[in-house]
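Below is one structure, written out as structure tokens, with a few remarks after it.
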Amino acid sequence: AQSVAQPEDQVNVAEGNPLTVKCTYSVSGNPYLFWYVQYPNRGLQFLLKYITGDNLVKGSYGFEAEFNKSQTSFHLKKPSALVSDSALYFCAVSSGGYNKLIFGAGTRLAVHP
Amino acid sequence: EAEVAQSPRYKITEKSQAVAFWCDPISGHATLYWYRQILGQGPELLVQFQDESVVDDSQLPKDRFSAERLKGVDSTLKIQPAELGDSAMYLCASSVDTYEETQYFGPGTRLLVL
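Chains as they are written, first to last, in my numbering: chain Z, 9 to 121; chain E, 44 to 157.
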């Protein structure tokens, strides 16, 4: 069965510092990995995805994520955090086919001025 | 930029009443998804359509929930009767097709059952 773990409920970082939001996954077959961001009372916004190819994926708003097959991880990163990055971040995995996405529980990112 | 539309944005109802949510996917998207997001959790797939056909409704509580996409475009999700535990955000998403395509989400409908 597919599963996603986001081990941190909340990540706190100072503005201007690098940020990392962690995600590990379990899936049979090749994983398709996604990151979404959710602002209060809003739907999910797509940030980036890994399907195949380069392990470092670049996405929207300066975010990037690194696929690590041996560690079954797909951590989200940004070199310099902004206060406006404060939101709820979800990692999700699919094994293709009917593309059923399994989401993690989410990590709340708080960027302090 | 094309977006997924949902209505209403907010719905308050009493238990045992019927509620319905509407979703209009991005034009040309063949696949439509309904998710339920309980506060503090990630979204969970309720039902997935490929055109007008259901391809996955394994997590849909079929005794009270129903979903349709009659012409393969917009979709309606219905709950009858609503229960207190149905209070959640209901999200609609669409993608060009299945497989590894990106799912794009609407703003959601927040349901409160009293």
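Here a beta-carbon is modelled for each residue, glycine too, at the ideal position from N, C-alpha and C.
Its Cα nearest to that of histidine 83/Z, the residue Asn63/Z stands out among Ser94/Z, Ser92/Z, Pro48/Z and Asn63/Z. In summary, tyrosine 76/E is buried, with 16 or more beta-carbon neighbours lying within 10 Å of its beta-carbon over all protein chains present.
Close partners of proline 51/E in chain Z (Cβ separation under 9 angstroms) are lacking, with about 13 angstroms as the shortest Cβ gap.
Rounded to the nearest whole angstrom, the C-alpha separation of tyrosine 53/E and valine 156/E is 11 angstroms. Taking 8 angstroms as the cut-off, the Cβ atoms of lysine 105/E and alanine 61/E do not count as close. For aspartate 99/E, the three-state secondary structure derived from DSSP is strand.
Looking at the DSSP output, cysteine 99/Z bridges to Trp43/Z. In chain order, Ala100 and Ser102 place their CB closer than 6 angstroms to the CB of leucine 109/Z, counting only its own chain and leaving out the 5 sequence neighbours on each side. For serine 109/E, the CB contacts under 7 angstroms within the same chain, skipping 5 residues up- and downstream, are Lys121 in chain order. Between alanine 89/Z and glutamate 23/Z a beta carbon distance of about 6 angstroms is seen, short of the 8 angstroms cut, so the two are scored as contacting. Taking arginine 153/E as the centre and dropping the five residues before and after it, the same chain places the C-beta of Tyr53 and Met132 closer than 6 angstroms to its C-beta, in chain order.
Against chain E, a Cβ distance below 8 angstroms from asparagine 63/Z picks out nothing, because the smallest value is about 16 angstroms. Where cysteine 135/E is concerned, the enclosing beta strand (DSSP E) starts and stops at 131-138. In chain order, Pro86, Glu87, Leu89, Ala131, Met132, Tyr133 and Leu134 place their CB closer than 8 angstroms to the CB of arginine 79/E, counting only its own chain and leaving out the 5 sequence neighbours on each side. Identification of chain Z residues near threonine 145/E by a Cβ-Cβ cut-off of 8 angstroms yields Phe42, Phe54 and Lys57, ordered along the chain. With fewer than 16 other Cβ atoms from the protein chains shown falling within 10 Å of its own Cβ, glutamine 79/Z counts as exposed.
In chain order, Thr115 and Arg116 place their CB closer than 7 angstroms to the CB of aspartate 17/Z, counting only its own chain and leaving out the 5 sequence neighbours on each side.
Our two residues, aspartate 99/E and aspartate 117/E, have alpha carbons roughly 17 angstroms apart in a direct line.
DSSP places leucine 82/E outside both helix and strand once states are collapsed to three, so it counts as coil.
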